[in-house]
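Below: the structure, in structure tokens.
2 protein chains.
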Amino acid sequence: MTLRERCCYTRVMDVSAIGALTFDVFGTVVDWRATIIREGRRLGAEKGIRADWAAFADAWRGGYEPAMRSVRTGERPWAKIDVLHREILDGLLDRFGLSGLTEDERDHLNRVWHRLDPWPEAVEGIGRLRRRFAAAALSNGNMALLTNMARNAGIPWDCILSSELARQYKPDPSVYLTAADLLGLPTDRVMMVAAHVHDLNGAKAVGMRTAFVHRPLEFGSNRSPETPPAGAFDVWATDFLDLAAQLGA
Amino acid sequence: MTLRERCCYTRVMDVSAIGALTFDVFGTVVDWRATIIREGRRLGAEKGIRADWAAFADAWRGGYEPAMRSVRTGERPWAKIDVLHREILDGLLDRFGLSGLTEDERDHLNRVWHRLDPWPEAVEGIGRLRRRFAAAALSNGNMALLTNMARNAGIPWDCILSSELARQYKPDPSVYLTAADLLGLPTDRVMMVAAHVHDLNGAKAVGMRTAFVHRPLEFGSNRSPETPPAGAFDVWATDFLDLAAQLGA
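Going line by line, the protein sequences match chains A and B. In terms of the numbering used here, the first sequence opens at residue 185 and continues consecutively. In terms of the numbering used here, the second sequence opens at residue 185 and continues consecutively.
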């Protein structure tokens, strides 16, 4: 099936029953990789550090899933993403020549996740979608991170929800169930929007509607992200504007 | 001390240390009484119900504190404000000639709290304040109520926080402490903004900064709200634009 055929696929459903869209953020709304590479290059130029910033971004993000898994499985108690990001960063400092950074500089670098840039059409797309549906973040990022990011990037959320509110990480069912409860809606009136199959499968498992949004450059141009077959989710969209068009927003 | 003298009072403090403002909502941001009276009159005209809508609004609001107190004291388990509002409403139907309303009509009336109108300068004031500080709701209203209200009234929150996230009601300390934790700030970098002394005292007790905003018409023109003496809180403001001016926003 070609991209063109897939992108036009919307499962027959009653769009008017949808009350809210919940959005994954890292990779779906914002381009973590390009932002980290850009800030890394700037830091490198200031400090005279020569590093492979793309490899640095990938290694940092690579530590993310294992760190969250240790919380999900109960191996360690709840910890915010800011804490997990910092632990992963500390483990990479030597390898990327960053051990000379001061504590303030390390903290500032760690907060690059609060400053991630949106994909080019994301802010406009969310603005269009929220004319028809309540638009909420539902991210593994903590509330402060998401609030700072929205302020910095101008993301017009109706409200910000986070795994932090369930003290568990997606795709644990409690995160999606907590979000639907806080939105005051049954799960089948909430649609999860994400560029990641495991996230959408988690949402689907509790009865949410699901929209896959294709972000082919999330991991750079050399590595393709996982793309689901048509029919796996309710909507398959090329970006947020396409999603808005498919949902009549 | 005259109003003019009080309104110019700002305690000497380091405004630049403030990272976020948290706002009480019912009475501070929105005029619950005027909105309920207006919707009541419209309902009355449609249904041929003659009632004292001001007395109805006051009686409904009058049940609010006792209902929350029963949760705060542990007399009953956690329940959202939507549930408490509905219980109070059900207890008023006979008295105000509303027993003929259908279930859908009762539910719609109960959700008037999701549709409350802001005070005239509130949206502009929050818009100005959030240029300098993160602006978050921190209300006893539940998340869905606050999200619907913000969408309906165009309130530009950076994020919505609620007592619901602590499963306790203000002025229980856990509500303020949960909010500061979610904002990622120590309590002394958060300023609570409210028209109610008990709310500001609750915030002050956990170390937050406090701004009193005078809303003389909250309870109508016949009943004055409690006003604190100058010096009781960090700021005494006549409205949100005055607060913005005093905080340099």
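Ideal Cβ positions, reconstructed from N, Cα and C, are used throughout, including at glycine.
I want to know whether the stretch 321-328 of chain A touches the stretch 204-211 of chain A - three or more CB-CB distances under 8 Å. yes
Per-residue burial, Ser346 of chain A [other beta carbons within 10 Å of its own, 16 or more giving buried]
If you number the first sequence from 1, residue 346 of chain A lands on position 162. It counts as buried.
Report task. Please work out which residues of its chain come closer than 7 Å, Cβ to Cβ, to Ala389 of chain B, disregarding the five sequence neighbours upstream and downstream, and give them in chain order. Result -> Within the second sequence, numbered from 1, the residue matching residue 389 of chain B stands at position 205. Cβ within range, chain order: Pro357.
**Prompt:** Considering only residues of the same chain and omitting the five flanking positions on each side of Pro302 of chain B, which have a CB-CB separation below 7 Å?
**Reply:** Counting from one through the second sequence, the residue named residue 302 of chain B turns up at place 118. Correct list, in chain order: Val213, Val214, Ala337, Ile339.
If you scan the stretch 352-427 of chain A from start to end, which runs of the beta strand (DSSP E) of 3 or more residues do you find wholly inside it?
374-378, 393-397, 419-421
Note down, in chain order, every chain B residue with its Cβ under 9 Å from the Cβ of Thr331 of chain A.
-> The residue you call residue 331 of chain A lines up with position 147 of the first sequence. Ordered by position in chain B, the residues that pass the 9 Å Cβ test against Thr331 of chain A are Ala204, Ala318, Ala320, Asp342, Cys343, Leu366, Leu367, Gly368.
* Asked: Thinking C-beta only, is Trp297 of chain B closer than 8 Å to Ile272 of chain B?
  -> Locating residue 272 of chain B in the second sequence gives position 88, where the first residue counts as 1. Locating residue 297 of chain B in the second sequence gives position 113, where the first residue counts as 1. Their beta carbons are not under 8 Å apart, which means Ile272 of chain B does not touch Trp297 of chain B by this criterion.
For Ala328 of chain A, decide whether its Cβ has a neighbour in chain B, counting only Cβ atoms nearer than 8 Å. Residue 328 of chain A sits at position 144 when you count from the first residue of the first sequence. Interface residue, yes.
- Would you verify that the beta carbon of Ala334 of chain B is, or is not, closer than 8 Å to some beta carbon of chain A? Looking up residue 334 of chain B in the second sequence gives position 150. So, interface residue.
**Prompt:** Would a check of beta-carbon distances place Thr186 of chain B closer than 8 Å to chain A?
**Reply:** Translated into positions along the second sequence, residue 186 of chain B becomes position 2. At Thr186 of chain B, the pLDDT of 46 sits below 50, so the modelled position is not reliable; the number obtained from the coordinates is stated separately. Taking Cβ atoms only, chain A never reaches closer than 8 Å to Thr186 of chain B, which makes this a no.
Mind the definition here: the stretch 219-236 of chain A touches the stretch 259-272 of chain A only if three or more C-beta pairs lie below 8 Å; say whether that holds.
no
Legend entry - Cβ pair Ala395 of chain A, Phe417 of chain A closer than 8 Å: On the first sequence, residue 395 of chain A is found 211 positions in, with the first residue counted as 1. On the first sequence, residue 417 of chain A is found 233 positions in, with the first residue counted as 1. Going by C-beta atoms, Ala395 of chain A is nearer than 8 Å to Phe417 of chain A.
Review point. By DSSP, does Ala318 of chain B sit in helix, in strand, or in coil?
Key: As a position in the second sequence, residue 318 of chain B is number 134, starting the count at 1. Three-state DSSP puts Ala318 of chain B in a strand.
Under 8 Å from the C-beta of Glu348 of chain A: neighbouring residues of chain B:
Translated into the one-based positions of the first sequence, residue 348 of chain A becomes position 164. Those within 8 Å of Glu348 of chain A in chain B are Leu366.
(request) Just mark His382 of chain A as buried or exposed, buried being the case when its beta carbon has 16 or more other beta carbons within 10 Å. (result) Translated into positions along the first sequence, residue 382 of chain A becomes position 198. His382 of chain A should be labelled exposed.
*asked:* For Ala350 of chain B and Gly258 of chain B, I'd like the C-alpha separation in whole angstroms.
replied: Here residue 350 of chain B corresponds to residue number 166 of the second sequence, with the count starting at 1. Here residue 258 of chain B corresponds to residue number 74 of the second sequence, with the count starting at 1. So the alpha carbons of these two residues sit roughly 14 Å apart.
task: Output yes or no for whether 8 Å exceeds the beta carbon distance between Ile265 of chain B and Ala241 of chain B.
output: Along the second sequence, read from residue 1 onward, the residue named residue 265 of chain B stands at position 81. Along the second sequence, read from residue 1 onward, the residue named residue 241 of chain B stands at position 57. Contact: no.
Determine the direct distance from the alpha carbon of Leu277 of chain B to that of Pro522 of chain B, and round the result to whole angstroms. An answer regarding residue 522 of chain B cannot be provided, because it is not within the stretch 185 to 433 covered by chain B.
Going by the CB atoms, is the gap between Val397 of chain B and Leu427 of chain B shorter than 8 Å? Counting from 1 along the second sequence, the entry for residue 427 of chain B is found at position 243. Counting from 1 along the second sequence, the entry for residue 397 of chain B is found at position 213. Contact flag set, yes.
Three-state secondary structure (DSSP) of Ile344 of chain A = If you number the first sequence from 1, residue 344 of chain A lands on position 160. In the structure shown, Ile344 of chain A sits in a strand (DSSP, three-state: E or B).
(message) Can you tell me whether Pro302 of chain B is helix, strand or coil according to DSSP?
(response) Translated into the one-based positions of the second sequence, residue 302 of chain B becomes position 118. Strand, per DSSP.
* Under the three-state reduction of DSSP, which class applies to Cys192 of chain B: helix, strand or coil? -> Locating residue 192 of chain B in the second sequence gives position 8, where the first residue counts as 1. Note that Cys192 of chain B scores a pLDDT of 48, beneath 50, so its modelled location is shaky; the value from the coordinates is reported in the next line. Here Cys192 of chain B sits in coil by DSSP.
Apart from the five residues just before and just after Asn332 of chain A, which ones in its own chain have a Cβ nearer than 7 Å to its Cβ? What you label residue 332 of chain A is simply residue 148 of the first sequence in a count that begins at 1. Closer than 7 Å at the Cβ level, and outside the excluded window around Asn332 of chain A, lie His298.
Taking the beta carbon of Ser229 of chain A as the centre, do at least 16 other beta carbons fall within 10 Å, making it buried, or is it exposed? Reading the first sequence from its first residue, position 45 is the one you call residue 229 of chain A. First, the amino acid is wrong: residue 229 of chain A is Ala here, not Ser. It is exposed - the Cβ of Ala229 of chain A has fewer than 16 other Cβ atoms within 10 Å.
_Taking the alpha helix (DSSP H) that Phe240 of chain B belongs to, which residues open and close that run?_
Reading the second sequence from its first residue, position 56 is the one you call residue 240 of chain B. Note, Phe240 of chain B: alpha helix (DSSP H), 237-246.
Minimum C-alpha distance to Leu205 of chain A - residue among A:Gly309, A:Arg335, A:Glu410, A:Asn406:
Your numbering for residue 205 of chain A matches position 21 in the first sequence. Here the closest residue by C-alpha is A:Gly309.
ask   = Which value, in whole angstroms, describes the spacing of the CA atoms of Pro184 of chain B and Ala364 of chain B?
value = The question about residue 184 of chain B has no answer here: the residues shown for chain B are numbered 185 through 433.
message = Using DSSP's beta-bridge definition, name the partner residues of Ala323 of chain A.
response = For the purposes of this step, residue 323 of chain A is taken as the residue at position 139 of the first sequence. The residue asked about is misnamed: residue 323 of chain A is Ser in this sequence, not Ala. A:Ser346.
In the DSSP assignment, the beta strand (DSSP E) including Ser206 of chain B goes from what residue to what residue?
Stepping through the second sequence from its first residue, residue 206 of chain B is reached at position 22. Here residue 206 of chain B is Thr; the residue named in the question, Ser, does not match the sequence. Its beta strand (DSSP E) spans residues 204-207.
- In the structure shown, what three-state DSSP assignment does Val255 of chain B receive? Position 71 of the second sequence holds residue 255 of chain B. Looking at Val255 of chain B - three-state DSSP - the assignment turns out to be helix.
**Q.** Bridge partners - Val214 of chain A, DSSP secondary structure assignment
**A.** Here residue 214 of chain A refers to the residue found at position 30 of the first sequence. In the DSSP output, where bridge partners are listed per residue, Val214 of chain A has A:Phe210, A:Pro302.
| said: Looking only at its chain, what residues have a beta carbon closer than 8 Å to the beta carbon of Pro261 of chain A, apart from the 5 residues adjacent to it on each side? | reply: Here residue 261 of chain A refers to the residue found at position 77 of the first sequence. Only Val255 meet the Cβ criterion.
* For Ala235 of chain A and chain C, any beta-carbon pair shorter than 8 Å? -> Although the question refers to chain C, the structure presented lacks it and instead comprises the protein chains A and B.
**Prompt:** Can you name the start and end residues of the alpha helix (DSSP H) that Gly284 of chain A belongs to?
**Reply:** Taking the first sequence and counting its residues from 1, the one referred to as residue 284 of chain A is at position 100. Premise fails: Gly284 of chain A is in no alpha helix (DSSP H) and is neither H nor E.
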